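Just below is one structure, and these are the notes that go with it.
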Amino acid sequence: MVAEAVEVLCGQRLCSAQFGIPDPKSDAVLPEPDSVSIDFVSIPDLVVESSSTKFTPTIRSGSHTDIGPRRSNEDEHIRIDNLSNQSELYTWPLPTSFYAIFDGHGGSEAALYLKNHAINLLFTDPDLPQTSTINESFLQKLENSHSKAFLLADKALADECSISDYCGTTALTALILGRHLVVANAGDSRAVLCRKGVAVQMSQDHRPSLLEEKIRVESVGGFIEDGYLNGELAVTRALGDWFMKSPGGFDSGLTGKPDIRRAVLTEDDEFLIIGCDGIWDVMSNQEAVAVVRRELGRCDDPQRCAVELVKCALSRDTSDNITVIVVCFWAAGSGRGQRPRFRCNGLTEEARARLRSLLEGN
């Protein structure tokens with residue numbers, strides 16, 4: 001009936017899917033698909049900044065983790081909305097925010113080690129300059145520094161005697177410097193940007209099924225067997241797992257070297273979702289964006305959005321631990337992500353009568 005009333009008002013039927021949100025009348029989770037599609041809409045390495053806008057994000061975030069059906073939770077995460085509070089770090093444009101997810105396997109020790117040491121590993125590079133403005137030269141240095149830090153972290157896990165060679169972790173980090181978003185990833189956690197309601201994938205899942213990874217693995221002497229790297233691991237990039245690595249870290253094809261992608265945030269960007277594979281194994285990028293947009297419309301709280309995403313994944317029988325971070329780019333009360341409202345003025349008497357009849361059920 002509501003849809004019919006909208007048709008009377010606007011001359012056409014409007015579907016909530018057009019806005020990337022579920023039916024607002026329903027509190028149910030999204031219907032489970034027959035298979036989860038990645039709906040991979042990627043973003044270029046660098047989105048050219050528009051000179052017509054001076055958008056600066058207002059950062060607020062929430063996170064939630066759940067053990068899921070596992071006996072223990074091997075996930076760890078970092079959520080820092082204001083990295084500038086770390087006095088020993090660089091002077092960079094504000095906001096300066098940092099987020100990370102470490103999805104451990106073979107134990108939680110590797111993921112916990114990285115959580116405890118990530119700030120020192122990533123942000124103490126003497127070759128990375130302080131700056132009040134961001135340019136391409138600085139971003140290239142930042143990428144190089146992040147790549148070096150991932151490999152140093154990998155080596156640190158090998159040197160840490162308390163961590164087994166059979167223990168490892170994926171690693172995904174997201175750094176916000178003013179309007180610039182930089183995502184570094186090794187493994188199958190994922191970062192998804194909501195840009196004007198559309199899910200934009202900001203990281204690549206490093207799995208044996210990915211052709212580019214299969215080619216890379218085989219080129220250095222590794223192999224894929226039954227969907228696993230060397231018949232052992234479900235990912236082709238990870239930190240730790242030194243039973244599969246030579247001191248150089250490349251013989252089996254397993255590497256801790258990250259892929260790095262970046263974007264310039266604009267007024268069209270609403271939020272970023274960072275999640276481990278426990279989310280993405282049962283939910284597509286666009287479905288996750290729809291859940292967050294719906295919850296922002298209801299409560300305008302990224303913490304509750306993260307909780308709702310985890311609940312949705314649990315309802316779909318995910319087989320893994322689940323960890324999610326939701327980072328909003330707009331201040332509370334801005335109305336971003338809320339349901340669209342329709343305004344139609346100057347109705348004719350005939351239209352008013354039809355609308356009244358529909359609403360009264362006649």
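Residue numbers (the UniProt record's numbering): 1 to 362. Virtual Cβ for every residue (Gly too), placed ideally from N, Cα, C. Because the structure is a prediction, the values reported are computed rather than measured.
Beta-bridge pairing of residue i - partner residues as DSSP gives them
i: alanine 184; result: Thr173, Ile260
i: isoleucine 101; result: His77, Leu172
i: serine 63; result: Ile325
i: leucine 239; result: Thr169
i: threonine 348; result: According to DSSP, which records beta bridges pairwise, threonine 348 is partnered with nothing at all.
i: threonine 255; result: Arg237
i: threonine 96; result: Leu177
Residue i, buried or exposed, once every other Cβ within 10 Å from all chains shown has been counted against 16
i: serine 35; result: Confidence at serine 35 is low in this model, with a pLDDT of 36, below 50, so the placement of that residue should be treated as unreliable; the coordinate-derived value is given next. Exposed: under 16 other Cβ atoms inside 10 Å.
i: isoleucine 59; result: buried
i: glycine 227; result: exposed
i: cysteine 299; result: exposed
i: proline 31; result: Note that proline 31 scores a pLDDT of 42, beneath 50, so its modelled location is shaky; the value from the coordinates is reported in the next line. So proline 31 counts as exposed.
i: threonine 124; result: exposed
i: alanine 184; result: buried
i: glutamine 140; result: exposed
i: aspartate 66; result: buried
i: valine 324; result: buried
i: glutamine 86; result: exposed
i: cysteine 161; result: exposed
i: glycine 253; result: buried
i: alanine 149; result: buried
i: isoleucine 101; result: buried
i: valine 289; result: buried
i: serine 246; result: exposed
i: arginine 356; result: exposed
i: glutamate 349; result: exposed
i: isoleucine 273; result: buried
i: isoleucine 215; result: exposed
i: proline 44; result: For proline 44, the predicted model reports a pLDDT of 47, less than 50, meaning its position is unreliable; a value from the coordinates is still stated below. It counts as exposed.
i: alanine 332; result: exposed
i: glutamate 74; result: buried
Coil, strand or helix - residue i by DSSP
i: tyrosine 90; result: coil
i: asparagine 166; result: It is tyrosine, not asparagine, that sits at residue 166 in the sequence shown. Coil, per DSSP.
i: phenylalanine 271; result: strand
i: valine 220; result: coil
i: arginine 356; result: helix
i: residue 365; result: Shown here, the chain extends from 1 to 362; a query on residue 365 therefore has no answer.
i: alanine 191; result: strand
i: glutamate 232; result: coil
i: arginine 304; result: helix
i: glycine 297; result: helix
i: aspartate 39; result: Unreliable placement is indicated for aspartate 39, whose pLDDT of 45 sits below 50; the coordinate value is still reported in the next sentence. In the structure shown, aspartate 39 sits in coil (DSSP, three-state: anything other than H, G, I, E or B).
i: glutamate 109; result: helix
i: glutamate 225; result: strand
i: leucine 206; result: Per the sequence shown, the amino acid found at residue 206 is histidine instead of leucine. Three-state result, histidine 206: coil.
i: aspartate 281; result: coil
i: glutamine 140; result: helix
i: serine 334; result: coil
Neighbourhood of residue i by C-beta distance below 7 Å, restricted to the same chain and skipping five residues each side
i: aspartate 39; result: In this prediction, aspartate 39 scores a pLDDT of 45, lower than 50, which makes its location untrustworthy; no coordinate-derived value is stated.
i: leucine 83; result: Leu89, Thr96, Ser97, Phe98
i: phenylalanine 55; result: Arg179, Leu265, Thr266, Glu267
i: isoleucine 119; result: Gln86
i: alanine 186; result: Phe150, Thr170, Ala171, His206, Arg237, Ala238, Leu239, Gly256, Lys257, Pro258
i: alanine 158; result: Trp242
i: serine 334; result: none
Same chain only: Cβ atoms within 6 Å of residue i, ignoring 5 sequence neighbours per side
i: tryptophan 92; result: Leu177
i: proline 129; result: none
i: glutamate 213; result: His206, Thr236
i: valine 307; result: His64
i: glycine 231; result: Glu225
i: leucine 175; result: Phe98, Val182
i: cysteine 167; result: Gly106, Gly107, Glu109, Ala110, Gly240
i: aspartate 81; result: Ile59, Ser61, Ser97
i: methionine 244; result: Ser252, Leu254
i: threonine 173; result: Ala100, Ala184
i: lysine 196; result: Asp268
i: serine 72; result: none
i: glycine 104; result: Glu74, Ala110, Ala111, Thr169
Close-in-space but distant-in-sequence residues of the same chain around residue i (CB under 8 Å, 5 per side omitted)
i: lysine 115; result: Glu76, His77, Ile78, Ala100, Phe102
i: serine 37; result: Per-residue confidence for serine 37 stands at a pLDDT of 40, beneath the threshold of 50, marking its modelled position as unreliable; no derived number is given.
i: glycine 221; result: Asp251, Ser252, Gly253
Any non-hydrogen atom of the ligand MG within 7 Å of residue i CB
i: histidine 77; result: Absence of the ligand MG is noted for the structure shown, with no ligands found whatsoever.
Inset, instruction - Would you be able to state if there are at least three C-beta pairs under 8 Å between the stretch 129-136 and the stretch 207-217? - result: no
Inset, instruction - Would you check if the stretch 108-117 and the stretch 188-196 touch, i.e. whether three or more CB-CB distances between them fall below 8 Å? - result: no
Inset, instruction - Taking 8 Å as the threshold, find out whether the stretch 255-269 comes into contact with the stretch 279-287 through three or more Cβ pairs. - result: no
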